[in-house]
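What follows is a set of notes on a single structure, which appears directly below.
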Amino acid sequence: MSELFDYDNALRAEYPVLCGADEAGRGPLCGPVCCAAVVLEPDFICEEINDSKKLSEKKRDKLFDLIIENCVSYSVVMVSPREIDDVNILNASLNGMKRAVENLSVVPDLAIVDGNKVPKDMKCKTECLVKGDAKSMSIAAASILAKVSRDRYMIRLDKEFPQYQLAKHKGYPTKLHYDLISEYGIQPFYRKSFFKNRPELLWTKE
């Protein structure tokens with residue numbers, strides 16, 4: 014039996030409606046940070062579910078559908094680059110996870126959030142769990158929902174702006190990405206606050 018399931022199952026003795034929440038996309042130069050919350054069916058066990066960063070894209074896509082089929086409720090929230098610039102990436106991520114939990118069709122008895130901070134003014138009991146996506150099946154499932162949703166968003170954006178090759182690097186600060194920004198400038202979907210050390214890149218091609 015999965016250790017991640019065992020962790021959640023122990024919590025369900027006191028908190029039957031258990032929610033996991035996580036985010037994907039804190040590091041990229043562009044695009045949203047994607048936050049997800051999920052309440053899994055209490056008897057759902059899947060040995061393959063793990064931290065989304067440890068899984069292949071093909072595996073994540075398969076598990077994305079499996080999680081949705083075996084949850085009580087799930088919610089995915091995209092937090093815009095503008096909000097990230099306004100409140101910083103940490104607060105944007107916390108705000109997004111709060112909205113994701115509040116958008117669920119059920120009110121959790123407990124929400125466990127990946128990381129070392131809890132979003133403010135949560136409407137349900139909430140605890141943070143460092144490296145939670147490697148400890149809790151609910152958080153790991155949320156990490157998969159967030160990662161797949163964000164990747165799919167960036168692939169759609171790539172079709173509109175193919176010059177940035179977003180489908181390849183998903184917005185992360187690779188050498189290729191910086192080179193393309195140098196050539197083509199930025200677009201409204203870029204996080205301007207992420208260019209403090211590279212202000213020369215903050216231009217828009219006419």
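Under this note's numbering, think of the first position of the sequence shown as 14, with each following residue one higher. From the three backbone atoms N, C-alpha and C, an ideal C-beta is built for every residue, glycine too.
- Nearest to PRO121 by alpha-carbon distance, out of THR217, LEU107, GLY33, ASP134, is GLY33.
- A distance below 6 Å between beta-carbons, with the five flanking residues on each side excluded, links ARG112 to the following residues of its chain, in chain order: VAL90.
- In this model, VAL46 and GLU36 are separated by some 7 Å (Cα to Cα).
- Bridge partners of GLU60 according to DSSP: none are assigned.
- By the neighbour-count criterion, in which a residue is buried when 16 or more other Cβ atoms sit within 10 angstroms of its Cβ, VAL119 is exposed.
- SER93 places its beta carbon 7 Å or farther from that of VAL52.
- Ranking SER15, ALA49, TYR20, VAL30 by CA distance to the CA of ASN116 puts ALA49 first.
- LEU68 counts as buried, since no fewer than 16 other beta carbons sit within 10 angstroms of its beta carbon.
- In the three-state DSSP reduction, MET135 falls in the coil class, being neither helix nor strand.
- If you look at ASP74, you'll find it isn't in any beta strand (DSSP E); it sits in the alpha helix (DSSP H) that goes 70-82.
- Secondary structure of TYR87 (DSSP, three-state): strand.
- Following the DSSP letters along the chain, one finds LEU107 inside the alpha helix (DSSP H) bounded by residues 102-115.
- For ASP35, the pairing in a beta bridge is given by DSSP as ALA49.
- If you draw a straight line from the Cα of LYS72 to the Cα of ARG163, it is about 15 Å long.
- Following the DSSP letters along the chain, one finds ASP164 inside the alpha helix (DSSP H) bounded by residues 150-173.
- In the structure shown, ALA180 adopts helical secondary structure according to DSSP, grouped into three states.
- In the structure shown, the three-state DSSP call for TYR28 is coil.
- In this structure LEU17 is not in contact with SER156, their Cβ atoms being roughly 11 Å apart against a cut-off of 8 Å.
- Counting C-beta pairs closer than 8 Å gives fewer than three between the stretch 51-65 and the stretch 168-185, which falls short of the contact rule.
- Distance from the Cα of ASP146 is smallest, within the candidate group ALA154, THR187, GLU96, for ALA154.
- A straight line joining the alpha-carbon of LYS218 with that of ILE199 spans about 8 Å.
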